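Following: one structure in structure tokens, then a few remarks.
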Amino acid sequence: MKSPFFIFLLAASLCVSLYAQLSPEQVEIVDKALQQISSLHEHDFSVHMVSPELGKLFAAQIKEQSTKMGMPIDLSVEHFILIWKDGKQDCQVKLGEATPMRDMLEPQANNMLSSTGIGKLLSEGTFMALRQTADYLKGNQDNIKLENDSEANWDFAGDQDLGSFAGQNMRRIRFRIKKDNGSLIAFIAETEEGKRFRVLINMQQTPDGSIFYPDRLKLDSNMNVNVQGIKLPQTINAKFTNYEFDQK
Numbered sequence: 008m009k010s011p012f013f014i015f016l017l018a019a020s021l022c023v024s025l026y027a028q029l030s031p032e033q034v035e036i037v038d039k040a041l042q043q044i045s046s047l048h049e050h051d052f053s054v055h056m057v058s059p060e061l062g063k064l065f066a067a068q069i070k071e072q073s074t075k076m077g078m079p080i081d082l083s084v085e086h087f088i089l090i091w092k093d094g095k096q097d098c099q100v101k102l103g104e105a106t107p108m109r110d111m112l113e114p115q116a117n118n119m120l121s122s123t124g125i126g127k128l129l130s131e132g133t134f135m136a137l138r139q140t141a142d143y144l145k146g147n148q149d150n151i152k153l154e155n156d157s158e159a160n161w162d163f164a165g166d167q168d169l170g171s172f173a174g175q176n177m178r179r180i181r182f183r184i185k186k187d188n189g190s191l192i193a194f195i196a197e198t199e200e201g202k203r204f205r206v207l208i209n210m211q212q213t214p215d216g217s218i219f220y221p222d223r224l225k226l227d228s229n230m231n232v233n234v235q236g237i238k239l240p241q242t243i244n245a246k247f248t249n250y251e252f253d254q255k
């Protein structure tokens with residue numbers, strides 16, 4: 008009869024083999040891809056963001072708030088300016104030329120951007136969504152495996168002990184890393200309730216290769232995500248240009 012201690016060791020070894028599904032080389036591949044995203048916030052920077060969906064949402068919120076004050080305002084958004092400095096994010100808006108009295112309305116629009124919580128929503132819907140995705144995948148490395156190794160990409164997946172993401176219990180996750188630059192380019196999460204969240208991302212890097220940053224982002228979700236009472240659009244497209252990094 009085998010001793011209880013032997014049985015304990017056998018069970019422990021089975022658990023290790025069950026969850027240690029990535030080779031050391033694959034762990035390094037995933038680590039580097041996630042580090043590209045998380046390390047962006049180690050730098051102070053500003054960037055212009057164009058998002059049709061978030062621009063329309065902001066314009067609708069401005070019209071709703073201004074209508075309550077008896078002065079409905081119709082405006083268009085040229086781009087947002089996202090600023091990350093000393094661990095905090097700020098947001099500004101540049102109004103489109105079609106906006107009547109643009110020079111006069113722009114300061115008011117920026118005040119409402121911060122007071123209505125839309126600035127926080129812009130953060131939650133873009134850079135923070137990326138960072139949360141990277142943190143979530145980092146916390147689940149023991150529960151994923153390499154699903155496909157093609158000429159262009161590595162595909163990883165997991166379907167056990169995935170915990171929660173965006174407040175939802177996960178049933179299955181998949182993500183793709185591009186081989187030519189080692190960047191995460193896609194993440195898909197499926198919840199136990201049948202909800203779905205997808206991120207498509209394109210990463211670039213500075214000429215010296217020291218900083219990776221997204222220049223395009225697409226979020227698709229049928230989850231109900233609210234930030235300070237404002238519902239995020241189920242599809243968000245964003246293009247990022249004019250990065251400026253502060254040299255420390």
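Throughout the sequence shown, residue numbering follows our numbering, covering 8 to 255 in sequence. Cβ atoms here follow ideal geometry from the backbone N, Cα and C, with glycine treated the same way. What you are looking at is a predicted structure, and each value in this text was computed from that prediction instead of being measured.
Report the rounded CA-to-CA distance for residue i versus residue j, giving the unit in angstroms.
i	j	result
V54	Q96	11 Å
A164	K75	48 Å
C22	T213	Any reading at C22 must be qualified, since the residue scores a pLDDT of 41, below 50, and its modelled position is unreliable; the value itself is stated next. About 42 Å.
A18	Y250	The predicted model places A18 with a pLDDT of 44, which falls under 50 and marks its position as unreliable; any figure quoted below should be read in that light. Cα to Cα, A18 sits roughly 52 Å from Y250.
P31	D38	10 Å
A40	A116	37 Å
N229	E200	11 Å
Y220	D166	29 Å
K152	K70	48 Å
A196	M56	25 Å
K101	F204	30 Å
W91	I218	14 Å
N147	G216	28 Å
Which residue's Cα is closest to the Cα of residue i: the options?
i	options	result
E158	I80, E113, R205, R183	R183
G103	S121, D81, L29	D81
F87	G189, F204, I125	I125
Q43	S190, T242, R205, K238	S190
I243	K39, E60, F52	E60
S58	E85, E49, S217, D187	E85
G132	D168, A173, D51, M108	A173
N7	Y220, K202, F247	Because residue 7 is not part of the residues shown, which for the chain are 8 to 255, the question remains open.
F194	N229, K145, I180, G94	I180
M119	L47, S130, Q99, H48	Q99
Q235	L128, A66, I90	L128
P107	S83, I218, Q72	S83
S73	Q167, Q28, S122	S122
Q28	D162, M135, D149	D149
H48	L153, Q241, L137, R109	L137
D222	A105, Q211, D215	Q211
Across which residues does DSSP place residue i in a beta bridge pair?
i	result
T140	For T140, which the question treats as bridged, DSSP gives no partner whatsoever.
F252	F52
R203	E197
R183	D162, A193
V34	BP columns for V34 are empty, so no partner.
T242	D227
K92	K95
M177	T198
L102	V84
K145	Its beta-bridge partners do not exist; DSSP assigns none.
K127	Note: K127 sits in no beta bridge, so no partner.
L153	F163
Q212	F219
N188	Per DSSP, none; premise fails for N188.
I69	In the DSSP output, where bridge partners are listed per residue, I69 has none listed.
S171	N176
Just mark residue i as buried or exposed, buried being the case when its beta carbon has 16 or more other beta carbons within 10 Å.
i	result
M78	exposed
N155	exposed
K238	exposed
G170	exposed
A245	buried
L89	buried
S45	exposed
M111	exposed
T140	buried
S130	buried
Could you round the C-beta distance between residue i and residue j to whole angstroms and report it? I think they count as a contact, below 8 Å.
i	j	result
I192	N209	7 Å
D51	D253	4 Å
L207	K225	4 Å
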